[in-house]
Every structure is written in structure tokens, then in C-alpha cells.
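2 protein chains.
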Amino acid sequence: MEIENVLPTEIEKRSFEIITEELEQEGIVLPEIQAPITKRCIHTSADFDYAKNLVYSEHAVEKALEAIRGGASIVTDTQMGRSGINKKRLAQYGGQVYCFMSDEDVAQAAKKNGTTRAVASMKKACELNEKLIFAIGNAPTALIHLYELIKDGRIRPELVIGVPVGFVNVVQSKELILTLEDTPYIVARGRKGGSNIAACICNALIYML
Amino acid sequence: MEIENVLPTEIEKRSFEIITEELEQEGIVLPEIQAPITKRCIHTSADFDYAKNLVYSEHAVEKALEAIRGGASIVTDTQMGRSGINKKRLAQYGGQVYCFMSDEDVAQAAKKNGTTRAVASMKKACELNEKLIFAIGNAPTALIHLYELIKDGRIRPELVIGVPVGFVNVVQSKELILTLEDTPYIVARGRKGGSNIAACICNALIYML
Numbered sequence: 001m002e003i004e005n006v007l008p009t010e011i012e013k014r015s016f017e018i019i020t021e022e023l024e025q026e027g028i029v030l031p032e033i034q035a036p037i038t039k040r041c042i043h044t045s046a047d048f049d050y051a052k053n054l055v056y057s058e059h060a061v062e063k064a065l066e067a068i069r070g071g072a073s074i075v076t077d078t079q080m081g082r083s084g085i086n087k088k089r090l091a092q093y094g095g096q097v098y099c100f101m102s103d104e105d106v107a108q109a110a111k112k113n114g115t116t117r118a119v120a121s122m123k124k125a126c127e128l129n130e131k132l133i134f135a136i137g138n139a140p141t142a143l144i145h146l147y148e149l150i151k152d153g154r155i156r157p158e159l160v161i162g163v164p165v166g167f168v169n170v171v172q173s174k175e176l177i178l179t180l181e182d183t184p185y186i187v188a189r190g191r192k193g194g195s196n197i198a199a200c201i202c203n204a205l206i207y208m209l
Numbered sequence: 210m211e212i213e214n215v216l217p218t219e220i221e222k223r224s225f226e227i228i229t230e231e232l233e234q235e236g237i238v239l240p241e242i243q244a245p246i247t248k249r250c251i252h253t254s255a256d257f258d259y260a261k262n263l264v265y266s267e268h269a270v271e272k273a274l275e276a277i278r279g280g281a282s283i284v285t286d287t288q289m290g291r292s293g294i295n296k297k298r299l300a301q302y303g304g305q306v307y308c309f310m311s312d313e314d315v316a317q318a319a320k321k322n323g324t325t326r327a328v329a330s331m332k333k334a335c336e337l338n339e340k341l342i343f344a345i346g347n348a349p350t351a352l353i354h355l356y357e358l359i360k361d362g363r364i365r366p367e368l369v370i371g372v373p374v375g376f377v378n379v380v381q382s383k384e385l386i387l388t389l390e391d392t393p394y395i396v397a398r399g400r401k402g403g404s405n406i407a408a409c410i411c412n413a414l415i416y417m418l
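Each protein sequence line maps, in turn, to chains A and B.
Count the first sequence with my numbering and you get residues 1 to 209, in order.
Count the second sequence with my numbering and you get residues 210 to 418, in order.
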């Protein structure tokens, strides 16, 4: 297998062409507005399962784009997710990216209440007085607590990106989000996801603007 | 499907138990010294493909552990990978984590030479005068250039973690590393991988010490 001679600037374009071709070969047709997001998840993971496991609530993408355009910030549950989001591009619309997981007060609150730091960091996010998108790529406990905060009317996110990965309560946490009726969401059903997928969905949205 | 009542501190342990059970059900037996690394990759991605696609050169794990114990540093090709590596634990053995991708001189060198920044950042790593582990989770161009630098005798890594993800020259770049005879490697054969997998392999090694 020879090294393909592709210009550095062309690599991403060529990758998306290959993804598009292979989806067509599989007979998979993605809704047009979701396609850039789903394809970027496949691009990030080389895993075509995302063509099937991503669930978008009605008009989730349109609402998310409007929120970002209006200056929404992003709260994520890992420093790795925060690191992967294009903060410079997001800042052009007025938003920033928060991750409270390493904060001293979050560690203390978690210890005191016997929760995960992820839960404590969701509580802390409730204190932010701005439009928020939640991008949860790691901790199902964060997603479960976010669900409770939404149900209690304590927070009203512009979008919930629910893509924690793993084996304990991950599937359950996502199914909870799928029951929400007034909250826009993008959820990777099943076990798969990750901080990389959370960041990639945020970036796909930002790049659509 | 009910939320399982698992203590925060027990979630990772329970996850690894589930992974172990499911590997057994599939009849997959991992070599003992590789198991903590392969299982952590599955834990990070919920993707059991890693049980089959990870290729370890002979004694790669033993050599890597010795290198980290001896103070080796890690060079990675994304800030996200750098962010995911447990730098505090690595520092206990004397190593640190480098990522040169955002450096101004790297951007200039890449522009001047018409390469990717990933290639320029590998060149910069050659100037480091210490034991190095390379953890490449994103850029096949980085891995290809690293291969060339090794073949030219300009660098002699303690370990190459070759897990870029994607569709253009990714498979090829990994096959090149698999031809190396005197360089320890851990490679995810095929298209899959990522910054998360690169970080996770580093952490698995650190946690084995």
C-alpha cells in the first residue's frame, strides 16, 4: 500500500470524501443538516457506528447554531474535551469553554457530598448566568445530574451533547436525555462516545457557521 | 434499564470487570502484560476492535515501563493528547509531556517547508536531549516522518505509540512502523485510533508502575 500524495491542506477534504463514498456504498443517507456533524464524528474515530447511533432531537442543529451565533458558551466534563474544542473560533461569536473538573471548590463539594466531581461541576455550571451548551463526553454521572437539574427547572441548556463513553450507567444516562421533551440534544446511543466525540460535535457546529 | 448503584470510586473497577467478562465470552485471551493497556483502550472507546487491532513489538511494554521508570518524557502530536496524559503521575518518575503543535517556530518551519505542522514538530523533537516516547494519535504525517527520522538514525525512541486515526495515509503510516526492527512500538493497525487512545496507552503504562 503506497503513501498517497495528498497536500496537507487537502487531507481533511479527502477524508470527508472517503467517508461520504463509504456511507453511500452502505446505503446510509444522513439528513443534510446532520451530515457535517455525523461525518466529523466518523472522521474523529474512524468508526462508522456513529452513522447509526447519533440521535438528534427535532431541530437540534438549527437551535444549536442559533445559540452559538448568539454567544452561547460550552460546559464540558473533561479538560481533554475543553482542549479539543476550537476556542478561538467559538470566541468570535462571544462564547467560551468551561470545564470545572479540576477546580478546588468542585473537588471539595464532591468530597463533602459523596458525589463524583462531574456531578459537582454540573452544579457549579448552574451558577453561570449565560446561554449554555453542555458537552458531556466522559461522565455518565454528569449527564444523569444534568437531567435532574433540567427536570427540576434549575437549568435550561441550549443543547445537551450526551456522548459519555463506557460500561457503567452510560447507556442509561443517555436514555434519560432522550426522554427530555423541551431540551435540544445530540446523543450517541449505546456505550460509545468520548471527550474526542464531544469536542468534535462542538467543532462541527462551530464550523457550520 | 435501571441506573446501577455503583460508588464513584468503583466505576472504573466495575468497567474493567465488564470488559474482562465480555472478552472471555468472545474467547479472546490477551497476553498478561498487554492486558491492562488493551483493556484501557476498550474502556476509553467502548470499542472492542482494540482487542484485535493493537500490535505490540516484542517486549514493548517491558521496555516502555523501564523507560518511564528511568524518567522518559512523552512527545505527542495534539494538545488534546497532552491534556489527557496524567502529567502529575509521569512527573513522579521525572518525565514530562511535550506537544509542539502550537509553537510559533513549528508553524513557521511547516510553512517554509510546505509540510504539516506535525512533521515540523517531529523535527523539533529531535533536538530534545532525553529519553523519549512518541505518542502519535492524530497525524499520519507525524508518524511517517518519525519513521524516516528513525531510519536515518536521527532519533532513537524508547517507544512509538502509533495510533493516528483516519482515512488518508493512516493505515500506511502504521504499516511503516510495523517494519521497524529495533524500535519498540504499540500500533493500532487499521484506521482506528485517536488522541484519546494515544493518551490512554500512556496512562495505562504509567498506572502499571
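Glycine is no exception: its CB is placed at the ideal position from the N, C-alpha and C atoms.
Check the Cβ-Cβ distances between Glu235 of chain B and every residue of chain A, and say whether any is below 8 Å. It does not; no Cβ of chain A falls within 8 Å.
Should Ile3 of chain A be flagged as near chain B, meaning a C-beta pair shorter than 8 Å?
-> At least one chain B Cβ lies under 8 Å of Ile3 of chain A.
### Query
Got a sec, what are the start and stop residues for the alpha helix (DSSP H) Gly71 of chain A sits in?
It is not in any alpha helix (DSSP H) - Gly71 of chain A carries neither H nor E in the DSSP assignment.
Discussion item. Less than 8 Å between CB atoms is the rule here; does Pro184 of chain A satisfy it with respect to chain B?
Written reply: Between Pro184 of chain A and chain B, the shortest Cβ-Cβ separation is not below 8 Å.
Counting along the chain, where does the alpha helix (DSSP H) carrying Gly371 of chain B start and finish? No alpha helix (DSSP H) contains Gly371 of chain B, which is instead part of the beta strand (DSSP E) from Leu368 to Gly371.
Of all the CB atoms in chain B, is at least one closer than 8 Å to the CB of Asn203 of chain A? So, not an interface residue.
Q | Three-way DSSP call (helix, strand, coil) for Ile220 of chain B in this model | A | Helix at Ile220 of chain B.
TODO: Within the same chain, show all residues whose beta-carbon is closer than 6 Å to that of Cys409 of chain B, passing over the 5 residues directly before and after it, in chain order.
DONE: The residues are Arg249, Cys250 and Thr253.
Check: According to the neighbour-count rule (16 or more other Cβ atoms, all chains shown, within 10 Å of its Cβ), is Tyr307 of chain B buried or exposed?
Finding: By the C-beta density criterion, Tyr307 of chain B is buried, having at least 16 other C-beta atoms within 10 angstroms.
Check your understanding: With which residues is Val170 of chain A paired in a DSSP beta bridge?
Key -> In DSSP, Val170 of chain A forms no bridge with anything.
inquiry  = Does Asp314 of chain B pass the burial test, meaning 16 or more other C-beta atoms within 10 Å, or should it be called exposed?
reply    = Counting Cβ neighbours within 10 Å, Asp314 of chain B comes out exposed, since fewer than 16 surround it.
- Message: Suppose you measure from the CA of Ala125 of chain A to the CA of Val75 of chain A; what does that come to, to the nearest Å?
- Response: When only Cα atoms are considered, Ala125 of chain A and Val75 of chain A end up about 7 Å apart.
**Study point:** Where the region 255 to 270 of chain B meets chain A: residues whose CB sits under 7 Å from a CB there
**Key:** Of all residues in the region 255 to 270 of chain B, Ala255 and Asp256 have a Cβ within less than 7 Å of some Cβ in chain A.
Subject >> Whole-Å CB distance - Val19 of chain A paired with Val377 of chain B, under 8 Å assumed >> reply: Reading off the sequence shown, one finds Ile at residue 19 of chain A, where the question assumed Val. For a cut-off of 8 Å, the C-beta gap from Ile19 of chain A to Val377 of chain B is around 11 Å, too long to register as a contact.
- request: Sort out for me which residues DSSP pairs Thr285 of chain B with in a bridge.
  value: BP columns for Thr285 of chain B point to B:Ala344.
query = Per DSSP, Ala204 of chain A is paired with what?
reply = Within the DSSP secondary-structure output, Ala204 of chain A pairs in no beta bridge.
What does DSSP give as the partner residue(s) for Leu90 of chain A in the beta ladder? DSSP lists no partner for Leu90 of chain A.
Notebook entry, point to check: So is Tyr147 of chain A buried or exposed if we call it buried at 16+ other beta carbons inside 10 Å?
Noted result: Answer is buried; the Cβ neighbour count reaches 16.
Can you find a CB in chain A that lies within less than 8 Å of the CB of Cys384 of chain B? Checking the sequence shown, residue 384 of chain B turns out to be Glu, not Cys. Answer yes: the Cβ-Cβ gap between Glu384 of chain B and chain A drops below 8 Å somewhere.
Requested in this report: Check the Cβ-Cβ distances between Phe376 of chain B and every residue of chain E, and say whether any is below 8 Å.
Outcome: Given the protein chain composition of this structure (A and B), no chain E is represented.
Cross-strand partners of Val97 of chain A (DSSP beta bridge): In the DSSP assignment, the residues bridged to Val97 of chain A are A:Ile74.
Just mark Ala255 of chain B as buried or exposed, buried being the case when its beta carbon has 16 or more other beta carbons within 10 Å. Classification of Ala255 of chain B: buried, given that the 10 Å Cβ count is 16 or more.
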